[in-house]
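Structure first, then comments.
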Amino acid sequence: MNGHKYDVCNLFYSLSYKGLPMKKATLVIGVIGADCHAVGNKVLDRVFSNHDFRVINLGVMVSQDEYIDAAIETGADAIIVSSIYGHGDIDCLGMRERCIERGLGDILLYVGGNLVVGKHDFADVETKFKEMGFDRVFAPSHDLEDVCQLMAHDINQRHDVDTRILEEAI
């Protein structure tokens with residue numbers, strides 16, 4: 001639990017809650033499209049694993065359907081799409097719709113990296129990807145510790161962990 005024993009954000013993927021075993025949150029990660037940049041993907045895998053996420057790493061040059069197939073097969077809590085070569089806006093187009101078609105309309109979708117070609121204000125890039133149905137959009141410079149905390153919080157919220165803890169505290 002990495003020193004966050006009482007951190008609500010980390011409760012979901014803790015070993016137990018009130019004596020009941022709880023599963024680790026499962027993340028499907030990979031580098032989308034024709035992008036073959038592997039180093040960052042390995043870094044993400046290691047950081048997420050070290051934060052007690054169960055990581056399903058699809059590697060590089062991953063299609064939308066490969067992400068979705070893996071998410072269905074593993075019961076994933078989230079899909080994390082990485083793109084370094086700048087064509088993420090093209091490769092990710094229609095991904096939320098494809099998730100909906102395949103029965104994963106409520107899965108958390110995250111995207112990060114060098115998502116578009118050229119220099120753009122990140123706020124514009126973030127807006128574009130949120131309009132495409134992504135829940136969070138991360139710049140290449142985003143602190144990975146913060147990314148882990150945000151993902152854990154989102155997953156806990158989806159599983160209503162925060163609400164249960166607050167109700168029991170009252």
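Per the UniProt record's numbering: the sequence shown ends with 170, consecutive numbering throughout. Built from N, CA and C at the ideal position, the CB exists for glycine as well.
Please determine if the segment 131-141 and the segment 52-60 are in contact, where contact requires at least 3 C-beta pairs separated by less than 8 Å. No: the two stretches stay apart, fewer than three of their Cβ pairs being nearer than 8 Å.
Short Cβ contact (8 Å threshold) for M61 with V31: yes
Please report how far the alpha carbon of H120 lies from the alpha carbon of I100, in whole angstroms. 29 Å
Only counting the same chain, and skipping five residues up and downstream in sequence, which positions put a Cβ closer than 8 Å to that of L150? R136
Quick one: what does DSSP say C63 is sitting in, helix, strand or coil? According to the sequence as given, residue 63 is Ser; it is not Cys. Reduced to three states, the DSSP call for S63 is coil.
Nearest CA to the CA of D45: which residue from D69, V81 and G75? V81
By a C-beta neighbour count over all protein chains shown, 10 Å radius and 16 as the cutoff for buried, is P21 buried or exposed? Reliability of the predicted coordinates at P21 is poor, the pLDDT of 46 falling under 50, and the value obtained from them is presented with this limitation in mind. Classification of P21: exposed, given that the 10 Å Cβ count is below 16.
For the ligand GTP, any of its heavy atoms closer than 7 Å to the Cβ of K23? For the structure depicted, the ligand GTP is absent and the ligand set is empty, with no information on it obtainable.
Pick from H51, Y110 and A70 that is closest to G59, judged by C-alpha positions: A70
Can you grab the Cα-Cα spacing for the pair L115 / A78, in whole Å? 19 Å
Within the UniProt domain "B12-binding" (24-161), note down every full alpha helix (DSSP H) run reaching 4 residues or more, in order along the chain. 39-50, 64-74, 88-91, 95-101, 122-131 and 144-158
Within 10 Å of its beta-carbon, does S83 have 16 or more other beta-carbons around it, so buried, or fewer, so exposed? buried
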